[in-house]
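Numbering (full-length UniProt numbering), first residue to last: 1 to 244.
Worksheet for the structure shown next.
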């Protein structure tokens, strides 16, 4: 009996180690977890563009004021110029038109560390002319463009410069398949954002032909990694709400 136990232990020692995933951490391509009114996604939608890499997201949970904290660790190599993922938090909302949205107050305190990071930190909003239809517009608000990351653009040049939420932004326009994409890119990093996202959507309605009858389908906040190693993106505090 003793020899059998010794043999079994020897077999365990020889086996390849399995990575232990801490509580609250998830690493699968489409894994997600909820935290209060938010769903946090790992979202490795572009992982096949990488030569190698991995990513895990950690849900640190809802805080007493209803905000959330979460983080993501990633390494992606190869596939220059291609986004590998969009780990993000999406707040639960009613699907109403931009004209019915009175405000989208949000606050976001974040940090980023790592080596050779090419990535953004960005809000991502989608709209459509119908509640369940494919997205027709994507509105991105880049709080940071690390390592030379750049937005989707028709010609690489901004179409406007605008002052919103106390920050100067370059506005870019481009197409992603059927979607028209507008990207506001901050001229310097905004590590602690506090503002009304409706100011950005209202600007597009008033100045760039977006219809106020477009239905807001989702409001997300996260990071799009292109390349880098040992990256850690930490959201210390995040809150967003859509008011009508």
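For glycine and all other residues, C-beta sits at the position ideal for the given N, C-alpha and C.
Alpha carbon to alpha carbon, how far is residue i from residue j?
i	j	result
residue 187	residue 110	17 Å
residue 149	residue 242	29 Å
residue 125	residue 137	8 Å
residue 158	residue 140	14 Å
residue 52	residue 74	11 Å
residue 298	residue 95	The structure shown does not extend to residue 298, since the chain is modelled only from 1 to 244, so the question has no answer here.
residue 19	residue 58	Unreliable positioning characterises residue 19 in this predicted model, as indicated by a pLDDT of 46, which lies under 50. A coordinate reading is not provided.
residue 225	residue 65	29 Å
residue 40	residue 205	29 Å
residue 70	residue 180	30 Å
residue 151	residue 227	15 Å
residue 155	residue 178	18 Å
residue 165	residue 185	13 Å
What's the call for residue i, buried or exposed, on a 16-neighbour Cβ count within 10 Å?
i	result
residue 231	buried
residue 208	exposed
residue 4	Bear in mind that the predicted position of residue 4 carries a pLDDT of just 43, short of 50, making it too unreliable to give a figure here.
residue 223	buried
residue 30	exposed
According to DSSP, simplified to helix, strand and coil, what is residue i?
i	result
residue 210	coil
residue 49	helix
residue 198	helix
residue 19	Any answer about residue 19 is weak, because its pLDDT of 46 lies below 50 and its placement is not dependable; what the coordinates show is given next. Coil.
residue 114	strand
residue 203	helix
residue 92	coil
residue 133	coil
residue 222	strand
residue 228	strand
Take every Cβ of the region 193-212, pair it with every Cβ of the region 93-102, and state whether three or more of those distances are shorter than 8 Å. Taking 8 Å as the limit for Cβ pairs, the verdict is that the region 93-102 does touch the region 193-212.
In the region 141-194, which residue ranges form an unbroken beta strand (DSSP E) of at least 3 residues, counting only runs that do not cross its ends? List check, beta strand (DSSP E) in window: 160-164, 167-176 and 179-186.
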